[in-house]
Amino acid sequence: MSTTAEAPVYEVGRVYEVTPGDLRIGTNVRKDTRPDAKDFAASVRARGVIVAIDAHVDEQGGLRVLRGQRRALVAALVGTPSGTVPVRVVATPEEADRITDQLVENLHRADMHEREARDGVEQLALLGVSVAQIVKRTSLPRLVVDNALSVAEHQASKERMDTHDMTLEQAAIFAEFEDDPDAVAALESAWESQWERPRLVHIAQRLRDERTERTALRAEVERLRADGLPVLDPADMPSGFRRLAFEDLRDQDGQAVPAEAWASTPGAAVVVTVEWRHDDPEDASPDDEGDDDDQDSTELRKAYVPVWVCTDPTGAGLHHYWDGAPPRDALPAADSDDERAAREQAEQARREAESAERRRVLANNAAWRSAEVVRRQWLASLLARRQVPKGAEILIARAVLERQYSLTHALSNGHDLLGDLLGLRPADGGGYQFGAQVAARVLDQASTPAAATMRTLAAVLAAWEARSGVPTWRNPGAYDAAIMAAFISWGYPASDVEQLLTGPAENDEADDANEPDHDVAAG
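Position 221 of the sequence shown, counting from 1, maps to 383 under the numbering used here, and the rest follow consecutively.
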């Protein structure tokens, strides 16, 4: 004698716990169920389906999903803690009602405000839930949770976010600098500007870099003072101090001051400067930062260098070697006062122009390095998208057919930056072998035409990014302009120095001669 299990009988209006694999998916106006939504899948796996799925009984007596197909599909794919999902049984609808209800359900669903998510994360933290557990429970990205807690810890940032309708990311930038009134003032000024507001991330990165620079500079100053050197505070550094360096000063006879006499000379002091040097000590001098003939050489590194100066060269009887020795007697009658004044005025104008150019180069160099951090973060998010941005195919074709150097270098040397931008890490080792590993993994991901285009675009953009650097803003080419123009059209908030790439091409060869030997350490 055999027995057959009776099919369950479902009553309209009741909620049942059902194995998700037993549900049948009915016709739905929503076709894209976002199968790659990892955060949603993680939430279902960890917490189960919270909102009941609506289903009606079909002709076979089973349950056919009416509303909640995405929850049902994901639960069947990744499972739930209980192994079941809640299902509310509803009456079989008329076709017009089904379509209407499914449209209304999806069209009129409003997302939470970010400030509400922020407050929810804060409440969990106040209950003693750790950051890791908040991430696991809510399936929110770690960065979102960190930003929420950062803003929650600063009442001024919370109020600013709520009052000015800031995003969580924007408010977190303010929270990061709440202990620095000058930085907050700079951010507030940018926020009030319609032009600067989209580039708040660039301003924040510049502020971070400047803060790091100040901290490192202060540490070096204190170290040198502990060694007994008369180091000036960065805030007290005299303007135009390079003309005060002992190496360039001469006495009344035009002779250099011996190094052993520097410390005992009236007005002697030390200032700390920044040099950008190649890791290879045999490479060229520190001003190579401005040379763009060979961007493939070793990486530049920052070095703090003490420079002996005389703060009162006139009082010490010294002068800069450019000026020549001060006359011991009156000038010859042939050299009239007007001629001397004109000569001095022309010399002063030349010095001021050179000084202004040095300041421009140094400021833009620093701005480029800060922008690079922001740009690479943005690139990583761009390349994680599924949809190919408009014009990508043209950019790829240009890189290939014009044999752009950045791409040929990457093809020959292993795609240095591609793995970083795509979030791929080497299984072992690095260098060319790592590049080959990354290329193989990227190729495996190119499973559809769109995916293949996105991966090829990633290779092209990563190649350009790896070869770009400080010289790029100074001597941009047509390809550089095309790359930056594409970035901007795809939503990138380019900084001022990056905007220079899209301007009319100019001959900036003279800039190489104007690049100073050292960066001035800012106070």
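All C-beta atoms, glycine included, are put in the ideal place defined by N, C-alpha and C.
Three-way DSSP call (helix, strand, coil) for residue i in this model
i, result
"Glu-514", "helix"
"Val-211", "coil"
"Leu-225", "strand"
"Trp-438", "strand"
"Trp-530", "helix"
"Pro-448", "Note on Pro-448: pLDDT 42, under 50, position unreliable in the model; no value is reported."
"Pro-468", "strand"
"Ala-431", "strand"
"Val-363", "helix"
"Asp-398", "helix"
"Ala-418", "strand"
"Val-393", "strand"
"Ser-301", "coil"
"Thr-242", "coil"
"Gln-549", "coil"
"Trp-652", "coil"
With 16 other Cβ atoms within 10 Å as the buried cut-off, status of residue i
i, result
"Glu-276", "buried"
"Gln-285", "exposed"
"Leu-265", "exposed"
"Ile-212", "exposed"
"Ala-318", "exposed"
"Ile-556", "exposed"
"Glu-354", "exposed"
"Ala-561", "buried"
"Arg-404", "buried"
"Ser-609", "exposed"
"His-364", "buried"
"His-316", "buried"
"His-270", "exposed"
Sub-8 Å separation of residue i and residue j beta-carbons
i, j, result
"Trp-424", "Ala-430", "yes"
"Ile-215", "Val-236", "no"
"Val-227", "Ile-187", "yes"
"Tyr-466", "Glu-375", "no"
"Leu-362", "Ala-345", "no"
"Glu-627", "Met-646", "no"
"Val-219", "Val-251", "yes"
"Ser-312", "Ala-204", "no"
"His-577", "Ala-621", "yes"
"Thr-427", "Val-469", "no"
"Gly-553", "Ser-630", "no"
"Thr-254", "Val-206", "no"
"Pro-686", "Ala-217", "Nothing about residue 686 can be read from this structure; the chain reaches only from 163 to 685."
"Leu-563", "Leu-623", "no"
Distance between beta carbons of residue j and residue i, contact taken as under 8 Å
i, j, result
"Leu-583", "Arg-538", "7 Å"
"Val-432", "Leu-391", "5 Å"
"Ala-515", "Asp-658", "Contact flag wrong, Cβ pair sits at about 21 Å."
"Asp-413", "Gly-479", "6 Å"
"Val-632", "Gln-367", "Not quite, the Cβ-Cβ distance comes to about 16 Å (not below 8 Å), so this is no contact."
"Arg-232", "Arg-196", "7 Å"
"Asn-309", "Ala-334", "4 Å"
CB contact below 8 Å: residue i versus chain C
i, result
"Asp-308", "You won't find chain C in this structure, because it holds only one protein chain."
DSSP beta-bridge partners of residue i
i, result
"Glu-179", "Pro-248"
"Ile-187", "Val-227"
"Leu-411", "His-482"
"Arg-463", "Arg-439"
"Val-219", "Leu-225"
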